[in-house]
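K.L.:
Residue numbers (the working numbering), protein chains in the order written: chain A, 1 to 270; chain B, 271 to 636; chain C, 637 to 929. Even for Gly, the Cβ is constructed at its ideal location relative to N, Cα and C. Computed from a prediction, not measured in an experiment: that's the story for all the values here. Sharing a structure, written as structure tokens. Questions coming.
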Amino acid sequence: MNNETQPDVIVRNLTVEFLSKTGTVRALNDVSLDINPGETVGIVGQSGSGKSVLIRSLVNFVPKPGRIKQGAITINGQDVLALPPAQLRSLRGRNVGVIVQNARVHLNPVISVGRQIANVYLAHHDTTRRDAWERATEMLSAVGIPDPKERMRSYAHEMSGGMVQRVVIAMALVCRPGVVLADEPTSGLDVTIQDQVLRLFRSLVSKTEASALLVTRDMGIVANFCDRVGVMDNGRLIEMVRVADIFSGAVQPQTKALLAAASLNEKQVF
Amino acid sequence: MTKKNSRTISGYGRELLCQTRIGAELLTRFIKALWRIYVVRRLILFIPLLVGVSMAVFVLIRMAPGNPAYLFAGPTASLETIRAMEIKLGLDQSIWVQCFLYMKNLANGDLGVSLITSQPVLKDLAVRLPATLELITFAMLLIIVVLVPLGILSAVGGNLAGRLSSGYGFLAGSLPDFWWGLMLIFVFYTLLGWAPVPFGRIDFGLEPPVVTGFLTIDTLLANDLAAFRSAFGRLILPGFTLAFIFGAPVLKHLRTTMATGLQAHYIQYAHLCGLSRTAIFRYAFRNSIIPPLTMAGMTYVYLVGAAALVESVFAWGGFGQYAVQAAISSDYMAVSGTVLAAMLIALCIYLILDLVYTLIDPRVRN
Amino acid sequence: MSSVQPSNSDPYKVPKARERFVRHLNTSVIVGGILAAGSIFLAILGPILAPYPPMEPSAGQQLLPPSSIHWFGTDDVGMDVFSRVIAAPRVDLGIALSATILALTIGTTIGGIAGYFRTWWSELIMRISDLIQSFPVFILAMVLVTITGQEIWIVVVVIAFVNIPLYVRMIRAELLSLRERTFVEAAIVIGVPARRIVFRHLIPNVIGTIINQATITMGVAMLLTAGLSFVGAGVRVPTPEWGVMIATGASSIVTGQWWPSVFPGVALSASVFGFALFGDGVSRMLDSRERGA
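Laid out in structure tokens, this is it:
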């Protein structure tokens, strides 16, 4: 009895362009993918292959001078690109949580982190500030920050890199969204912290049975935390394979080579 | 006290030393902890800063060429009178003694006697300073109430709003403030007859008893509504003159910081989390307000002196006008007193501003 | 990045220098330039072109309204306002230009030294210039002028003095940020002597900011001169100078004779406006050139 369940996220023929004085650049070129309920899909690719744009496009937040030229995006059955502003706002944060990289610059420096998390909750739930504050404290504890009650009043500049990343995860997940989009959530962090943060991510996602899109440059992360993985290059989604298949050898050698080439240890070269 | 040490005298001495050391250590740690609190630091440093500035003013005035005794004694004075005046002014003493006398007088509130008014400088300032403060506070309020919303709107608004406010900025920066005041007088008083007579702060004979020196407040305290209307009416033209011209840089600054503020990463993330437009706006505002606040504070301080020209045009009897007249007449004591007062006000306002920052921006607190 | 569609023009065609110049020219530069050039023109030729001698009062001709013989009317001592208005730029601009050049050269030199050599006395220089900047400018200018005398060159020096800290700070900031740039490190490593680094490499990067700031200083200097003269602490009657003219006309304006004050004010504002606009346009031009637009 295999019920044909709809994927949580359906992307078809997504093309995103950036207009500049030297010409038009296609950041995403005819990208199509599905994310099934409960699965974590990884996206690997080098810098500039369009991974971050993909995440932002999924919630219709492509910053100018970019625009979505064509394509269809369906999340939980809703056509994202056709949503009016109020519902788009509700989609973001409530149904879809976004985890960004470089968490520190994405937090408001003059407001306490607890207040920021609570504000996200308040934006989507008609409840009291006290209630939101408590929810936020629970989230801080869930993301593994010690002394959550104290830490609620801290500011971003008072926290370490790993901790602000956890705060961002808390902000993304406080409304228990069904879809989580993570944009290189661990780049810039210490290797040991990376591992902790990713395990946390996986546990929270699986606890809520959310589906997730995990963008990364690290094949190791993909191997450990994703069910399927797609390779992006120059705006195109080239291959999509099941992670289990890679290691059981059921995948073509060309694909393996591609995965290896798209993989990690991209040292910063000046 | 340990058992071993309590038995002998040297042991007792050793114990005492130990306790003193611990006490000293605790004290230093306490002071260091206090020091780390920014607010305390600023407050403690304020006094030496005042002293330093006063001495700097002293040095500056002493560097002026010419013998002030000539001025005080008058142009027809004989050599003996000049000599006597020199002794009276303490100019025959060494520079250190003069400095000491200067600081001593300052501490007693003695700023000397003005040449023109023959009043103690302190008394002159006590009358004129509130006049200026009332005027520039009014101008500042106008700026805040009118220009701040305009600035925010134009930051959010499109190209036309941007061009308009840019044009206003250039225009206001090119107008001489005294001339602009004259133009406003011409239009609103001479031509239209809407404004009251543009001289002085209040109709002659309606002055209320002095409480704060702020006529608007004092008239209200004396329950004299006619006087209040008169005082307020006279504030409008000079206040508007100042606000129009000195508000422009504040507006420009506000626009720029708001515009860049709205592009910040944390604002983008707030969008991504689905926060409402008002919530996002509040985020941006909270952050963008800091540089314009600095700007407003600096403008306020600047206005204390810069309002002099407008004060002269409107015969306001203010601080700047007093400084101008003192300078032109080489009124040695008055000039010295006003420069000192100006700098002290600047220091006070900057201190208040810094303290306000600690409330708004948590990054400053350590 | 990904597939870039090239724009229509042939990528190998390099636009000529003049083409590039014209492409970046914007309205501010043109309008501002005209106004500024006009003032400079009058500064040089004004007193010669004046229909009436600008410093000779004629009794019996006081406060005549604008007419065909006196285009701007006459002031309270009978001097032709138009002649005085066009003779005034020589004084106003002369003072402003001298003060600006003085402030610029001294300020950039000090700032350059303070920015390039990071020693304890360069910090001291910055503190002192901070102190000067925090003085209420107008009062400082007035005090300095009156204790040193009211000669014109004193006014120049005083205005230059209050503007120097601005340049010191600006140049130093630019230098400090440029120092860290790789091409400077490369030059040092290769062994280019310090002076050459400063003049050939660092200064050209700063020119745009300097020009913009210089035009602003011109404006500030003119307004300051007019202000000082207005209260009697600057240029004295009967020298034609816009501030002085506004002052003498001030008493008449209340009774309705507007022309002795209005015309000089308009002329002054237009000059300041022109310089500021020009400077802003030039800096935007340089900006867009650097971006390769």
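In the DSSP output, what is residue 892(C) paired with across the bridge?
P.N.:
DSSP, once it has assigned bridges, lists no residue as partnering residue 892(C).
K.L.:
Quick one: Cα of residue 425(B) to Cα of residue 431(B), how far?
P.N.:
Their Cα atoms are separated by approximately 8 Å.
K.L.:
Report back the beta-carbon spacing between residue 401(B) and residue 607(B) to the nearest angstrom; my notes put them in contact at under 8 Å.
P.N.:
Not really, about 16 Å apart at Cβ, beyond 8 Å.
K.L.:
Where does residue 591(B) fall in DSSP's three states?
P.N.:
It is helical.
K.L.:
Which whole-angstrom value describes the C-beta separation of residue 943(C) and residue 778(C), a residue pair presumed to lie in contact below a C-beta threshold of 8 Å?
P.N.:
Outside the displayed range of chain C (637 to 929) lies residue 943(C), so it cannot be described from this structure.
K.L.:
With DSSP as the reference, label residue 13(A) as helix, strand or coil.
P.N.:
Three-state result, residue 13(A): strand.
K.L.:
On the DSSP bridge list, what partners appear for residue 710(C)?
P.N.:
Residue 710(C) is bridged to 716(C).
K.L.:
Among 912(C), 796(C), 857(C), 883(C), which one has its Cα closest to the Cα of residue 442(B)?
P.N.:
Selected option, being the one with the closest Cα: 912(C).
K.L.:
Does DSSP classify residue 70(A) as helix, strand or coil?
P.N.:
Of the three classes helix, strand and coil, the one that applies to residue 70(A) here is strand, per DSSP.
K.L.:
Check whether chain B comes within 8 Å of residue 71(A), counting only Cβ atoms and requiring the distance to be less than that.
P.N.:
So no, residue 71(A) is outside the interface.
K.L.:
Could you tell me which chain B residues have their CB closer than 8 Å to the CB of residue 90(A), listed as they occur along the chain?
P.N.:
Near residue 90(A) (Cβ distances below 8 Å), the residues of chain B are 544.
K.L.:
Strictly under 8 Å for the Cβ-Cβ distance: is residue 111(A) near chain B by that measure?
P.N.:
It does; some Cβ of chain B falls within 8 Å.
K.L.:
Nearest-angstrom Cα distance between residue 616(B) and residue 857(C)?
P.N.:
In a straight line, the C-alpha of residue 616(B) is about 23 Å away from that of residue 857(C).
K.L.:
Please determine if the segment 80-91 of chain A and the segment 127-144 of chain A are in contact, where contact requires at least 3 C-beta pairs separated by less than 8 Å.
P.N.:
Output reads no: the segment 127-144 of chain A does not touch the segment 80-91 of chain A.
K.L.:
Could you have a look at residue 390(B) and say whether DSSP puts it in helix, strand or coil?
P.N.:
Reduced to three states, the DSSP call for residue 390(B) is strand.
K.L.:
Hey, does residue 572(B) have any beta-carbon neighbour from chain A nearer than 8 Å?
P.N.:
No, residue 572(B) lies away from the interface with chain A (no Cβ there is under 8 Å from its Cβ).
K.L.:
Under a three-way DSSP split, which group does residue 676(C) fall into?
P.N.:
Three-state result, residue 676(C): helix.
K.L.:
Nearest to residue 678(C) by alpha carbon, out of 705(C), 726(C), 714(C), 689(C)?
P.N.:
Of the listed residues, the one whose Cα sits closest to residue 678(C) is 726(C).
K.L.:
Counting Cβ pairs closer than 8 Å, one from the segment 560-567 of chain B and one from the segment 516-534 of chain B, do we hit at least three?
P.N.:
Contact holds: three or more Cβ-Cβ distances are below 8 Å.
K.L.:
Please classify residue 757(C): is it buried, with 16 or more other beta-carbons within 10 angstroms of its beta-carbon, or exposed?
P.N.:
When all chains shown are included, residue 757(C) counts as exposed.
K.L.:
Below 7 Å on C-beta distance, what does residue 440(B) contact in chain C?
P.N.:
Going along chain C in sequence order, the residues near residue 440(B) (Cβ under 7 Å) are 909, 912, 913.
K.L.:
Round the Cβ separation of residue 75(A) and residue 57(A) to the nearest angstrom and send it over; I've been treating them as touching at under 8 Å.
P.N.:
Going by Cβ atoms, the distance from residue 75(A) to residue 57(A) rounds to 12 Å, so no, they are not a contact pair.
K.L.:
In the DSSP assignment, find the unbroken beta strand (DSSP E) run with residue 443(B) in it and report its ends.
P.N.:
Segment 429-444 is the alpha helix (DSSP H) holding residue 443(B); no beta strand (DSSP E) there.
K.L.:
Look up residue 510(B) in the DSSP assignment and say whether it is helix, strand or coil.
P.N.:
Here residue 510(B) sits in helix by DSSP.
K.L.:
Let me check understanding here. Comparing Cα to Cα, which of 49(A), 161(A), 204(A) lies closest to residue 186(A)?
P.N.:
The residue with the shortest Cα to Cα distance from residue 186(A) is 161(A).
K.L.:
Does any CB atom of chain B fall closer than 8 Å to the CB of residue 881(C)?
P.N.:
Not one chain B Cβ lies under 8 Å of residue 881(C).
K.L.:
Going by the CB atoms, is the gap between residue 736(C) and residue 850(C) shorter than 8 Å?
P.N.:
Cβ atoms of residue 850(C) and residue 736(C): closer than 8 Å.
K.L.:
In chain order, what residues of the segment 441-466 of chain B put their CB closer than 9 Å to some CB of chain C?
P.N.:
Listed in sequence order: 441, 443, 444, 445, 446, 447, 448, 449, 450, 452, 453, 455, 456, 459, 460, 461.
K.L.:
With DSSP as the reference, label residue 206(A) as helix, strand or coil.
P.N.:
Note: residue 206(A) maps to helix in three-state DSSP.
K.L.:
Is residue 723(C) buried or exposed, if buried means 16 or more other CB atoms sit within 10 Å of its CB?
P.N.:
Buried, because 16 or more other Cβ atoms sit within 10 Å of the Cβ of residue 723(C).
K.L.:
Does any residue of chain C bring its CB to less than 8 Å from the CB of residue 582(B)?
P.N.:
Yes, residue 582(B) lies at the interface with chain C (some Cβ there is under 8 Å from its Cβ).
K.L.:
So which residues on chain B does residue 53(A) lean against when the C-beta distance must stay under 9 Å?
P.N.:
None at all; the shortest Cβ gap to chain B is about 13 Å.
K.L.:
As a quick exercise: from 183(A), 137(A), 116(A), 142(A), pick the residue whose alpha carbon is nearest that of residue 150(A).
P.N.:
Of 183(A), 137(A), 116(A), 142(A), the residue nearest in Cα terms is 137(A).
K.L.:
For residue 92(A), which residues does DSSP report across the bridge?
P.N.:
96(A).
K.L.:
Between which residues of its own chain and residue 888(C) is the CB-CB distance below 7 Å, once the five residues before and five after are set aside?
P.N.:
Correct list, in chain order: 699, 712, 896.
K.L.:
Cα-Cα, which of 123(A), 107(A), 127(A), 31(A) is closest to residue 334(A)?
P.N.:
Nothing can be reported for residue 334(A): it is not among the residues displayed for chain A, which extend from 1 to 270.
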